[in-house]
Amino acid sequence: MDIHYSSEQLAFRDEVREFLTNELPADIASKVKLGKHLSKEDHQRWQKILSAKGWYAPGWPVEHGGTTWGAVEKHIFDEESAAAGAPRTIPFGVNMVAPVIIKFGTEEQKAHYLPRILSGEDWWCQGYSEPGAGSDLASLKTRAVRDGDHYIVNGQKTWTTLGQHANWIFCLVRTDPEAQQQRGISFLLIDMATPGITVRPIITLDGDHEVNEVFFDDVKVPVENLVGEENKGWTCAKYLLTHERTGLAGIGASKAAMRHLKRVASKQQKNGKPLIEDTLFRTQIAQIEMQLMAAEMSTLRIVAAASEGGVPGAESSILKVQGTEIRQAITNLLRKAIGPYALPFLPEEMEYGYEGEVLLEDYSPSLASIYFNMRKLSIFGGSNEIQKNIVSKMILEL
Amino acid sequence: MDFKLTEEQQMLQETAERLVRDAYTFSNREKFSESEAGFSPEFWNQMGELGLTAIPFPEELGGFGGTGIENMLIMQELGKGLCLEPYMESVILAGGLITQLGSDAQKEELLAGIASGELQAAVALEEQQSHYDLCHVTTTATRQDGSWTLNGRKAVVIGGHTAGKILVSARSAGDVRDQSGISLFIIDPNSQGVRRRTYSTVDGRKGCELFLDNAKGELLGTDGEAYDAIRYHSGRAIAALCAEAVGSMRVLCDITLDYLKTRKQFGVVIGKFQVLQHRMVDMISELERATSMAILAACLADDEDSEERSAKLSAAKYMVNRAAQYVAEQSIQLHGGIAMTWEYAGAHYAKRLVMIGHQFGDDDHHLEAYAAQLSI
Numbered sequence: 001m002d003i004h005y006s007s008e009q010l011a012f013r014d015e016v017r018e019f020l021t022n023e024l025p026a027d028i029a030s031k032v033k034l035g036k037h038l039s040k041e042d043h044q045r046w047q048k049i050l051s052a053k054g055w056y057a058p059g060w061p062v063e064h065g066g067t068t069w070g071a072v073e074k075h076i077f078d079e080e081s082a083a084a085g086a087p088r089t090i091p092f093g094v095n096m097v098a099p100v101i102i103k104f105g106t107e108e109q110k111a112h113y114l115p116r117i118l119s120g121e122d123w124w125c126q127g128y129s130e131p132g133a134g135s136d137l138a139s140l141k142t143r144a145v146r147d148g149d150h151y152i153v154n155g156q157k158t159w160t161t162l163g164q165h166a167n168w169i170f171c172l173v174r175t176d177p178e179a180q181q182q183r184g185i186s187f188l189l190i191d192m193a194t195p196g197i198t199v200r201p202i203i204t205l206d207g208d209h210e211v212n213e214v215f216f217d218d219v220k221v222p223v224e225n226l227v228g229e230e231n232k233g234w235t236c237a238k239y240l241l242t243h244e245r246t247g248l249a250g251i252g253a254s255k256a257a258m259r260h261l262k263r264v265a266s267k268q269q270k271n272g273k274p275l276i277e278d279t280l281f282r283t284q285i286a287q288i289e290m291q292l293m294a295a296e297m298s299t300l301r302i303v304a305a306a307s308e309g310g311v312p313g314a315e316s317s318i319l320k321v322q323g324t325e326i327r328q329a330i331t332n333l334l335r336k337a338i339g340p341y342a343l344p345f346l347p348e349e350m351e352y353g354y355e356g357e358v359l360l361e362d363y364s365p366s367l368a369s370i371y372f373n374m375r376k377l378s379i380f381g382g383s384n385e386i387q388k389n390i391v392s393k394m395i396l397e398l
Numbered sequence: 001m002d003f004k005l006t007e008e009q010q011m012l013q014e015t016a017e018r019l020v021r022d023a024y025t026f027s028n029r030e031k032f033s034e035s036e037a038g039f040s041p042e043f044w045n046q047m048g049e050l051g052l053t054a055i056p057f058p059e060e061l062g063g064f065g066g067t068g069i070e071n072m073l074i075m076q077e078l079g080k081g082l083c084l085e086p087y088m089e090s091v092i093l094a095g096g097l098i099t100q101l102g103s104d105a106q107k108e109e110l111l112a113g114i115a116s117g118e119l120q121a122a123v124a125l126e127e128q129q130s131h132y133d134l135c136h137v138t139t140t141a142t143r144q145d146g147s148w149t150l151n152g153r154k155a156v157v158i159g160g161h162t163a164g165k166i167l168v169s170a171r172s173a174g175d176v177r178d179q180s181g182i183s184l185f186i187i188d189p190n191s192q193g194v195r196r197r198t199y200s201t202v203d204g205r206k207g208c209e210l211f212l213d214n215a216k217g218e219l220l221g222t223d224g225e226a227y228d229a230i231r232y233h234s235g236r237a238i239a240a241l242c243a244e245a246v247g248s249m250r251v252l253c254d255i256t257l258d259y260l261k262t263r264k265q266f267g268v269v270i271g272k273f274q275v276l277q278h279r280m281v282d283m284i285s286e287l288e289r290a291t292s293m294a295i296l297a298a299c300l301a302d303d304e305d306s307e308e309r310s311a312k313l314s315a316a317k318y319m320v321n322r323a324a325q326y327v328a329e330q331s332i333q334l335h336g337g338i339a340m341t342w343e344y345a346g347a348h349y350a351k352r353l354v355m356i357g358h359q360f361g362d363d364d365h366h367l368e369a370y371a372a373q374l375s376i
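Protein chains in written order, with our numbering: chain A, 1 to 398; chain B, 1 to 376.
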């Protein structure tokens, strides 16, 4: 047992740092650090650079274009990337649908979809939630009816993150309406260009367009787009959710946010001195930083244990709760750090490259918005209450 | 970086686990606690016979060269059994201080005994006004004709009532809160000028107040330069207490979970109620945090002294204290009335978990310490 990095791991960290220093575009890093919006083009530009290095899909098996990294290497990469201001990986393709295709897909599906994810040709979004199926995901109603070589899909998905950029969507659809809840569900890949699909924006409380509604009206989907067996889609969904949760602790992102908080608190003033020298504020930062230290250690332990024996279990639910609470607490302090300047709503000043008069600081306009936006963390990916139900059932057997 | 135990470490863990499981039934613990020693001299001897008391000492001094990891494994098992023996105080803390500061003669005289268990030592660092600040020392040490005389009062010396030797911090120079000018002395508690007022502690142990009235002390280390070593070895004590707390929390969570699965109200086991399920999950969540921080502390405990090490050990103690208190309070709450009784084992785990916070700094103390050094 040793928490110090080995010399090989330190060498790997240096390699990652050098890569980020040389390859991460300065404008993108600057946007990330200031909390500005990233365009589709920003994400794609960074993805191409990672792909060229062979580091876009570190979790995949090597034969599909992944890496041989262990848990510690992945952690180092995530942490260094977040510290450098690299955009977070949009997970829907590389970290969500791809693991399902690798685990449950046919050889044809692997050969077709995986290279297109690596190259950035396909941008995936997730078709899970519905207006009537949130935390109770298995109550979903979107229907897929077999008609010869096709399924005819009708229904509505919602909260589709960055669906406006996507050309593919993976969906949970009901193929057997007679079967009990989870049993009649299938996992279907759908081309967004298929006639009958409509994407409508949902503007979130911070004024942002991040999520969408997706409507399906007699959408014809070829049967070869089914992943796994018909009516066994819930197995894929569960597998994916466990994969999703491990990353949901968001340690790298929280550490980056913590650095941002310290920068902001060093610049803002209270009682004629930097806010970070205010005992009360400083103490609150210290509390969160210690919680973050614990969550980082827990992540390493769980991921390391999982890399020995497969998929992480319900422990990742505990981390999802802890990690999201920490991130929310950081955004709360960031909002409070600017006092009354949390109030002005200045969408144009939030954009990168804004050249007008700056009301306070370049970082200030987005802090309240980010605080509200981050309320989503404890809701998505299985709400924190659902995570507690999972722990209660799977670990405690209550 | 890895989180695996070696084969030797696994064997050590099993040895400690077996020893504790066989000796420490709840009724045995009650007897040990009520005895004059306040712990089991027989269990202490067994620890010595099995080599557990020799674990952290260097091989050339008759030990096994164990590190913070080995200490963690032993302390966790002692925590699981709610053991009363002053292992941390004598072996880890006194032993560590003497190993670092002692002359060859002092090491020869004392360490063999501590490592075998024949000599039980205690450490007196706190005072009435110190409140975990170990450089706030008013006890004085004066030298005359090459011998040292100590005057003052040391507070809540756990294990001090039975100790064969006590290490005492006293000021030989400087102002009352200076880090410099603090020295460590070895005293014989049965010698002239030493008075002990022995008491039981809330968590079933025993300790004493130490009154020094022109008592004789033997200098340990360099005059006036003991504080760095005191801070360093307090860090090792903190790591040990974190591990002990994790062991106790784990058992208390198990006890509480069992209760949720057996106690019936309104016609069902109470573990069926979601509000109680989520509370239990919160307890497990705190336990996970504490476990991670105890591992962190164990891995850093024997690192070279540095501000980063001190800060992370403060973070560990802060998080573990908070978790321990949470688990203790919620465990009592989830049990209801039964956990309010002396005869219920869970209540004693709860008491120890809260009292661990009163040794080497509570959550407020370590929050303040961590915040003060916060790196920008």
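Heads up, the beta-carbon is just placed ideally off N, CA and C, and yes, glycines get one too. All figures in this text were calculated on a predicted structure; none of them were measured in a lab.
Which chain B residues sit within Cβ distance under 8 Å of Met394 (chain A)? Looking up residue 394 (chain A) in the first sequence gives position 394. Within 8 Å Cβ-Cβ: nothing; Met394 (chain A) doesn't reach chain B, min ~11 Å.
Are the CB atoms of Ile49 (chain A) and Glu73 (chain A) within a distance shorter than 8 Å? Residue 73 (chain A) sits at position 73 when you count from the first residue of the first sequence. Residue 49 (chain A) sits at position 49 when you count from the first residue of the first sequence. Not closer than 8 Å, so no.
Within 8 Å (strictly less), CB to CB, does Lys232 (chain A) reach chain B? Counting from one through the first sequence, the residue named residue 232 (chain A) turns up at place 232. For Lys232 (chain A), no Cβ of chain B is located within less than 8 Å of the residue's own Cβ.
Should the region 88-104 of chain A be regarded as contacting the region 129-142 of chain A, the criterion being three or more beta carbon pairs within less than 8 Å? Remark: fewer than three beta-carbon pairs, one from each stretch, lie closer than 8 Å, so the region 88-104 of chain A and the region 129-142 of chain A are not flagged as touching.
Less than 8 Å between the CB atoms is what I'm expecting for Ala368 (chain A) and Arg335 (chain A), so what's the real figure, rounded? Against the first sequence, residue 368 (chain A) aligns to sequence position 368. Against the first sequence, residue 335 (chain A) aligns to sequence position 335. A Cβ-Cβ distance of about 5 Å is found for the pair Ala368 (chain A) and Arg335 (chain A), placing them in contact under the 8 Å criterion.
Lys165 (chain B), DSSP secondary structure in three states: Here residue 165 (chain B) refers to the residue found at position 165 when the second sequence is read from its first residue. Correct three-state label for Lys165 (chain B): strand.
Who pairs with Lys426 (chain B) in a beta bridge, going by DSSP? Here chain B has residues from 1 to 376 only, and residue 426 (chain B) is not among them.
Could you tell me how far apart the beta carbons of Leu252 (chain B) and Tyr349 (chain B) are, in whole angstroms, since I believe they sit closer than 8 Å? Numbered from 1 along the second sequence, position 252 holds the residue referred to as residue 252 (chain B). Numbered from 1 along the second sequence, position 349 holds the residue referred to as residue 349 (chain B). Separation of the CB atoms of Leu252 (chain B) and Tyr349 (chain B) is rounded to 4 Å, and the pair is thereby assigned contact status at 8 Å.
State the Cα-Cα distance for the pair Met290 (chain A) and Met319 (chain B), rounded to the nearest angstrom. Residue mapping note: residue 290 (chain A) aligns to position 290 of the first sequence, counting from 1. Residue mapping note: residue 319 (chain B) aligns to position 319 of the second sequence, counting from 1. Roughly 7 Å between the two C-alpha positions.
Between the region 181-198 of chain A and the region 217-231 of chain A, are three or more C-beta pairs nearer than 8 Å? With contact defined as three or more Cβ pairs closer than 8 Å, the region 181-198 of chain A and the region 217-231 of chain A are in contact.
Pick from B:Glu343, B:Phe185, B:Tyr132, B:Gly159: whose alpha carbon is nearest that of Asn151 (chain B)? If you number the second sequence from 1, residue 151 (chain B) lands on position 151. When each option's Cα is compared against that of Asn151 (chain B), the closest is B:Phe185.
Whole angstroms is fine: what's the gap from Ile386 (chain A)'s alpha carbon to Lys376 (chain A)'s? Counted from its first residue, the first sequence places residue 386 (chain A) at position 386. Counted from its first residue, the first sequence places residue 376 (chain A) at position 376. Taking the straight line joining both Cα atoms gives about 14 Å.
So, at 8 Å on beta carbons, what are the nonlocal neighbours of Glu307 (chain B) in its own chain, with the 5 sequence-adjacent residues on each side left out? Looking up residue 307 (chain B) in the second sequence gives position 307. When the five nearest sequence neighbours on each side are left out, the beta carbons in the same chain lying within less than 8 Å of the beta carbon of Glu307 (chain B) are those of Gln373, in order along the chain.
Would Lys165 (chain B) and Leu101 (chain B) be called neighbours here (beta carbons separated by less than 8 Å)? By 1-based counting over the second sequence, the position of residue 165 (chain B) is 165. By 1-based counting over the second sequence, the position of residue 101 (chain B) is 101. Lys165 (chain B) places its beta carbon 8 Å or farther from that of Leu101 (chain B).
Proximity winner among A:Ala286, A:Thr198, A:Gly381, A:Leu240, relative to Ala315 (chain B) (alpha-carbon distances): Working through the second sequence from its first residue, we reach residue 315 (chain B) at position 315. From the listed residues A:Ala286, A:Thr198, A:Gly381, A:Leu240, the smallest Cα separation to Ala315 (chain B) is found for A:Ala286.
Can you tell me which of A:Arg282, A:Ala314, A:Met350 puts its alpha carbon nearest to the alpha carbon of Ser375 (chain B)? Position 375 of the second sequence holds residue 375 (chain B). Closest option to Ser375 (chain B), Cα to Cα, is A:Arg282.
Consider the Cβ of Asp2 (chain A): report whether some Cβ of chain B lies at a distance smaller than 8 Å. Taking the first residue of the first sequence as 1, we reach residue 2 (chain A) at position 2. Closer than 8 Å to some Cβ of chain B, the Cβ of Asp2 (chain A) qualifies, so yes.
What ranges does the alpha helix (DSSP H) occupy inside the region 283-359 of chain A, keeping only unbroken runs of at least 4 residues that lie completely in it? Restricting attention to alpha helix (DSSP H) runs no shorter than 4 residues, the region 283-359 of chain A encloses them at 315-337, 347-350, ordered along the chain.
What separation, rounded to the nearest whole angstrom, lies between the Cα atoms of Lys320 (chain A) and Cys208 (chain B)? Here residue 320 (chain A) corresponds to residue number 320 of the first sequence, with the count starting at 1. Here residue 208 (chain B) corresponds to residue number 208 of the second sequence, with the count starting at 1. Computed Cα separation, rounded: 46 Å.
Unbroken alpha helix (DSSP H) run spanning Glu218 (chain B), endpoints: Against the second sequence, residue 218 (chain B) aligns to sequence position 218. Per DSSP, Glu218 (chain B) lies in no alpha helix (DSSP H) segment; the continuous beta strand (DSSP E) that holds it begins and ends at 206-220.
Given a threshold of 16 other Cβ atoms within 10 Å of its Cβ, counted over all protein chains shown, does Gln277 (chain B) qualify as buried or as exposed? Here residue 277 (chain B) is taken as the residue at index 277 of the second sequence, counted from 1. Result: buried.
Selection from A:Ile370, A:Lys110, A:Leu241 that minimises the alpha carbon distance to Leu261 (chain A): Walking along the first sequence from the start, residue 261 (chain A) turns up at place 261. Among A:Ile370, A:Lys110, A:Leu241, the Cα nearest to that of Leu261 (chain A) belongs to A:Ile370.
At what residues does the alpha helix (DSSP H) containing Asp364 (chain B) begin and finish? Residue 364 (chain B) sits at position 364 when you count from the first residue of the second sequence. For Asp364 (chain B), the enclosing alpha helix (DSSP H) starts and ends at 363-373.
Excluding the 5 residues preceding and the 5 following Val391 (chain A) in the sequence, name in chain order all residues of the same chain whose CB lies nearer than 7 Å to its CB. For the purposes of this step, residue 391 (chain A) is taken as residue 391 along the first sequence, with counting starting at 1. Leaving aside the five residues that flank Val391 (chain A) on each side, the residues in its chain whose CB is nearer than 7 Å to its CB run, in chain order, Ala314, Ser317, Ile318.
Considering Cα atoms alone, identify which of B:His358, B:Phe3, B:Cys242 is closest to Lys312 (chain B). The count along the second sequence starts at 1 and reaches residue 312 (chain B) at position 312. Distances from the alpha-carbon of Lys312 (chain B) to those of B:His358, B:Phe3, B:Cys242 put B:Cys242 closest.
Hey, Gly346 (chain B) and Leu398 (chain A) are a contact pair by Cβ (cut 8 Å); roughly how many whole angstroms apart? By 1-based counting over the second sequence, the position of residue 346 (chain B) is 346. By 1-based counting over the first sequence, the position of residue 398 (chain A) is 398. With 8 Å as the limit, Gly346 (chain B) and Leu398 (chain A) do not qualify as a contact, their Cβ atoms being about 18 Å apart.
Residues of the region 279-295 of chain B with Cβ closer than 7 Å to any Cβ of chain A, in chain order: Of all residues in the region 279-295 of chain B, Met280, Val281, Ile284, Ser285, Glu288, Arg289, Ser292, Met293, Ile295 have a Cβ within less than 7 Å of some Cβ in chain A.
How do the region 155-170 of chain B and the region 121-130 of chain B stand: do at least 3 beta-carbon pairs fall below 8 Å, yes or no? Segments in contact, yes.
Spatial neighbours of Ser200 (chain B) in its chain, beta-carbon cut-off 6 Å, leaving aside the 5 residues before and after: Mapped onto the second sequence, residue 200 (chain B) falls at position 200. Excluding the 5 residues flanking it on each side, Ser200 (chain B) has same chain C-beta neighbours closer than 6 Å at Lys206, in chain order.
Can you check which of these residues, A:Pro115, A:Thr324, A:Leu240, A:Val221, is closest to Ala249 (chain A) by C-alpha distance? Start at 1 with the first residue of the first sequence, and residue 249 (chain A) comes out as number 249. Comparing alpha carbon positions, the residue from A:Pro115, A:Thr324, A:Leu240, A:Val221 closest to Ala249 (chain A) is A:Thr324.
Are there 16 or more other CB atoms within 10 angstroms of the CB of Phe57 (chain B), so buried, or fewer, so exposed? In the second sequence, residue 57 (chain B) corresponds to position 57, counting from 1. By the neighbour-count definition (other C-beta atoms within 10 Å, threshold 16), Phe57 (chain B) is a buried residue.
Can you tell which of B:Ser310, B:Asp258, B:Leu287 has its C-alpha closest to the C-alpha of His233 (chain B)? Residue mapping note: residue 233 (chain B) aligns to position 233 of the second sequence, counting from 1. Here the closest residue by C-alpha is B:Ser310.
Could you check whether Leu296 (chain B) and Met297 (chain A) sit closer than 8 Å to each other, using their CB atoms as the reference points? Here the question's residue 297 (chain A) lines up with position 297 in the first sequence. Here the question's residue 296 (chain B) lines up with position 296 in the second sequence. Going by C-beta atoms, Met297 (chain A) is nearer than 8 Å to Leu296 (chain B).
Three-state secondary structure (DSSP) at Asp188 (chain B)? Stepping through the second sequence from its first residue, residue 188 (chain B) is reached at position 188. Coil.
Could you compute how far the alpha carbon of Ala138 (chain A) sits from the alpha carbon of Arg174 (chain A)? Along the first sequence, one-based indexing puts residue 138 (chain A) at 138. Along the first sequence, one-based indexing puts residue 174 (chain A) at 174. One C-alpha to the other measures close to 9 Å.
On a CA-only basis, which of B:Gly174, B:Thr162, B:Trp148 is nearest His136 (chain B)? Give me that one, please. As a position in the second sequence, residue 136 (chain B) is number 136, starting the count at 1. Closest option to His136 (chain B), Cα to Cα, is B:Gly174.
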